[in-house]
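Encoded as structure tokens, the structure appears first; notes follow it.
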Amino acid sequence: MSPIGIFGGTFDPIHYGHLRSAFEVLQALRLAEVRFVPSGDPPHRGNTFASAELRYRMVEAAVVGQAGFSVDNRELRRDGPSYTVDTLESYRKEHGATSLCLIIGMDAFLGLTSWHRWGEILNLAHIVIAYRPGWQLPDAGELGDLLAEAGTNRIEDLHAEPAGRVFDHAVTQLEIASTEIRNLIAAGRDPRFLMPDAVRDIIVESDCYT
Ligand code: ATP
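With our numbering applied, the sequence shown covers 806 to 1015.
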């Protein structure tokens, strides 16, 4: 069975940078699917701008009807901070020995050692770094060591083993950030073409960023 991709994030709001990266990883790595997992209470972020329910609705609107994409509300159903390691544990319980690929951006990967129980993540899933050209992978420190030990450039490794490898995949550089989108909306400008229209409709109707 092909690996399942798990793409977590605050998605405050989701935009084409997230969607295009996930799509390119889905295709290039021949994943069975990508599950978008909006965080309920992101531990690194303090308060989000839109509520968890609204961020979930925006992700749902972005992926509905898109082959290979789905949204998962398990972090909204859990109390307390949304730790990725807990999410991966629950996936592992559900999916037995199926390969799991946690998809993260390079900025997220560079902060990995500050994540709750980060050393357990590779026991549960592979890490796929969707990096934008121009970023540099670390070659020293804990992350450098991790890449030296677990790094692979063989997609077959991600299919053959359930967890444990780090793979980096260059994705099209779309310099879109949720922060910029929120600032733009707060300044009275229109986020059209940075995200699907269905997401923009929810933002307009809920007024969540003004
Ligand atoms: P903010 O601007 O609020 O920090 P963000 O989009 O960087 O928002 P998240 O929604 O938490 O933050 O991002 C989810 C994941 O998507 C992270 O792993 C992040 O690295 C990645 N990501 C964010 N923006 C892009 C982009 N333009 N292209 C590819 N990946 C992205």
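Ideal placement from N, C-alpha and C gives every residue a C-beta, glycine not left out. Computed from a prediction, not measured in an experiment: that's the story for all the values here.
Sheet register partners of residue i (DSSP bridge)
i	result
residue 820	Looking at the DSSP assignment, residue 820 forms no beta bridge with any residue, so it has no partner.
residue 847	Residue 847 is not bridged to any residue.
residue 971	932, 956
residue 759	Missing from the structure shown is residue 759; the chain here goes from 806 to 1015 and no further.
residue 993	Partner(s): none; residue 993 has no beta bridge.
residue 1013	None, per the DSSP bridge assignment.
residue 910	935
residue 905	809
Rounded distance between the beta-carbons of residue j and residue i, thought under 8 Å
i	j	result
residue 815	residue 850	6 Å
residue 913	residue 1003	Not quite, the Cβ-Cβ distance comes to about 25 Å (not below 8 Å), so this is no contact.
residue 981	residue 822	4 Å
residue 1017	residue 886	An answer regarding residue 1017 cannot be provided, because it is not within the stretch 806 to 1015 covered by the chain.
residue 894	residue 929	6 Å
residue 827	residue 874	7 Å
residue 813	residue 892	7 Å
residue 879	residue 830	At roughly 20 Å, the Cβ-Cβ gap does not stay under 8 Å, so residue 879 and residue 830 are not in contact.
residue 968	residue 927	6 Å
beta-carbon residue i near the ligand ATP non-hydrogen atom, thresh 8 Å
i	result
residue 911	yes
residue 816	yes
residue 812	yes
residue 908	yes
residue 931	no
residue 937	yes
residue 889	no
residue 881	no
residue 918	no
residue 985	yes
residue 865	no
residue 979	yes
residue 955	no
Distance cut-off 8 Å: residue i Cβ against heavy atoms of the ligand FAD
i	result
residue 825	Only the ligand ATP can be found as ligands here, which leaves the ligand FAD out of the picture.
8 Å Cβ shell around residue i - same chain, five flanking residues per side excluded
i	result
residue 825	976, 977, 979
residue 888	848, 920, 921, 922
residue 1023	The structure shown does not extend to residue 1023, since the chain is modelled only from 806 through 1015, so no value can be given for it.
residue 865	876
residue 856	1013
residue 915	943, 948
residue 900	809
residue 882	845
Own chain, CB closer than 6 Å to residue i, minus 5 neighbours either side, in chain order
i	result
residue 910	935
residue 940	911
residue 846	886, 887
7 Å Cβ shell around residue i - same chain, five flanking residues per side excluded
i	result
residue 896	811, 905
residue 854	817, 987, 1013, 1014
residue 989	996
residue 1005	996, 997
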